[in-house]
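A.B. asks: In this note's numbering, the protein residues as written are 1 to 173.
Idealized CB from N, CA, C, for every residue including glycine.
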Amino acid sequence: MRLTIDTESDTYEQALAAVQAAYGPRPVVPASWPEAPADTRSGPQDLSGYDIGDGWTDQLLFRVIASVAPGARAVLRRITDLGGTASYDDVQRYFADHPTVTIPPSRIGGTLTSIKAVQRRIGPDAAGPLLQRDERARFYRIDRALAEGLARACVLADARPDLLRGEGAGPVT
1 MRLTIDTESD
11 TYEQALAAVQ
21 AAYGPRPVVP
31 ASWPEAPADT
41 RSGPQDLSGY
51 DIGDGWTDQL
61 LFRVIASVAP
71 GARAVLRRIT
81 DLGGTASYDD
91 VQRYFADHPT
101 VTIPPSRIGG
111 TLTSIKAVQR
121 RIGPDAAGPL
131 LQRDERARFY
141 RIDRALAEGL
151 ARACVLADAR
161 PDLLRGEGAG
171 PVT
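#1: Would you say I103 and G71 are within 8 Å of each other, going by their C-beta atoms?
#2: Just curious, the beta strand (DSSP E) that R141 is in, first and last residue?
#3: Would DSSP call V172 helix, strand or coil?
#4: If you drop the 5 nearest sequence neighbours on each side, which residues of the same chain put their C-beta closer than 6 Å to that of Q132?
#5: To which residues of the same chain is G84 closer than 6 Å at the C-beta, ignoring the five residues directly before and after it?
#6: The beta strand (DSSP E) with S106 in it runs from where to where?
#7: Are G123 and L112 close, meaning C-beta to C-beta below 8 Å?
#8: Using only the alpha-carbon positions, how far apart do F62 and A86 sit?
#9: Does L163 pass the burial test, meaning 16 or more other C-beta atoms within 10 Å, or should it be called exposed?
#10: If we call anything under 8 Å between Cβ atoms a contact, is L150 one with L47?
#11: Using three-state DSSP, classify A66 as helix, strand or coil.
#12: To the nearest angstrom, report how far apart R121 and I65 are at their CA atoms.
#13: Nearest CA to the CA of G53: which residue from D81, F139, F95, D125?
#14: Please go through the same chain and pick out, in chain order, the residues whose beta-carbon is closer than 7 Å to the beta-carbon of D134, but skip the five residues on each side of it.
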């Protein structure tokens with residue numbers, strides 16, 4: 001038997017009706033079959049919703065991590081791993097030869113533009129910049145409490161890459 005569903009013109013109901021016509025209605029599940037296990041994976045709802053500084057919460061920081069472009073996420077993670085402070089040169093050198101996220105030194109600034117855009121959309125009102133840039137000293141800085149929150153968000157991001165922009169098929173919530 002051959003079944004063809006045109007995903008551009010057929011509605012969900014038409015597709016379901018075609019499948020049921022071809023294979024019959026949903027089969028009765030035998031009572032002896034076990035229930036499907038509940039999804040017990042961690043999610044953003046498991047992070048703290050308490051203010052850790054300037055209106056930021058662990059949940060909001062995860063939403064930033066999940067929403068920024070993958071290159072910006074990698075830069076945030078690198079600065080977080082370094083304790084919240086890194087020189088421009090260190091970040092540029094690290095990503096110039098990175099095996100999976102190569103960013104030419106001239107493109108680091110452009111890569112980080114999604115952080116500011118996402119913060120405007122997701123971040124708390126009137127919060128200072130999440131990633132601060134000191135042009136004179138050539139340093140990136142993230143406040144200590146926020147760097148710790150970003151570290152917690154990164155742990156969840158490692159466990160649930162399906163929640164990240166550009167990493168999986170799941171939506172960002």
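C.D. replies: With the structure as the only source:
#1: yes
#2: 139-141
#3: Unreliable positioning characterises V172 in this predicted model, as indicated by a pLDDT of 37, which lies under 50. The coordinate reading is nonetheless provided below. Correct three-state label for V172: coil.
#4: R141
#5: I142, R144, A147
#6: Where S106 is concerned, there is no enclosing beta strand (DSSP E), given that its DSSP letter is neither H nor E.
#7: no
#8: 21 Å
#9: buried
#10: no
#11: helix
#12: 13 Å
#13: D125
#14: R141
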